[in-house]
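This report refers to the structure that appears directly beneath it.
Residue numbers (the numbering used here): 97 to 228.
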């Protein structure tokens with residue numbers, strides 16, 4: 097099995113952090129799209145842990161909060177009734193909170209358009225700012 101060197105991993109992640117798409121990163125680095133997506137899957141939990149530890153007690157004054165609709169495998173209306181609401185298929189929302197001045201993404205939440213998901217998102221946000 098081929099292993100990416102640390103330098104090659106850093107090159108791929110730097111391209112992604114700079115805003116390049118997976119396809120553009122594949123063209124620039126010579127790595128396959130599957131390799132890039134697997135690297136993202138491996139690095140994701142570490143990024144989440146870092147975000148949870150580092151992004152606390154933020155002195156933000158203005159917060160922009162919004163959600164973006166998407167779907168997993170099929171839109172809700174085309175999803176089989178037994179799979180609706182399971183999170184495996186159908187509509188999905190990505191909730192995002194940004195510092196309006198620095199554009200730092202303070203927190204995010206993937207879920208449905210439900211009160212429980214909104215409460216989880218806002219609770220996470222309130223735990224990150226040093227004042228309300």
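Note that the Cβ used here is the ideal one computed from N, Cα and C, for glycine as well.
Cutoff 8 Å; reference residue i; Cβ partners in own chain excluding five residues on either side
i           : result
residue 226 : 153, 154 and 155
residue 223 : 152
residue 145 : none
residue 221 : 159, 161, 193, 202 and 203
Nonlocal neighbours in the same chain, by C-beta distance under 7 Å from residue i, ignoring five residues either side
i           : result
residue 108 : 121, 125, 127, 132 and 135
residue 170 : 185 and 186
Coil, strand or helix - residue i by DSSP
i           : result
residue 162 : strand
residue 144 : helix
residue 152 : coil
Which residues DSSP lists as bridging residue i, in chain order
i           : result
residue 207 : 189
residue 170 : 168
residue 194 : 160 and 201
residue 118 : In DSSP, residue 118 forms no bridge with anything.
Burial state of residue i, where buried means 16 or more other Cβ atoms lie within 10 Å
i           : result
residue 97  : With a pLDDT of only 41 at residue 97, under 50, the local geometry of the prediction cannot be trusted, and no value is derived from it.
residue 175 : buried
residue 203 : buried
residue 106 : exposed
residue 142 : exposed
residue 140 : exposed
residue 150 : exposed
Cβ shell of residue i (< 6 Å), same chain only, five flanking positions each side left out
i           : result
residue 187 : 167 and 172
residue 180 : 186
Between the region 159–176 and the region 192–202, do at least 3 Cβ pairs fall closer than 8 Å? yes
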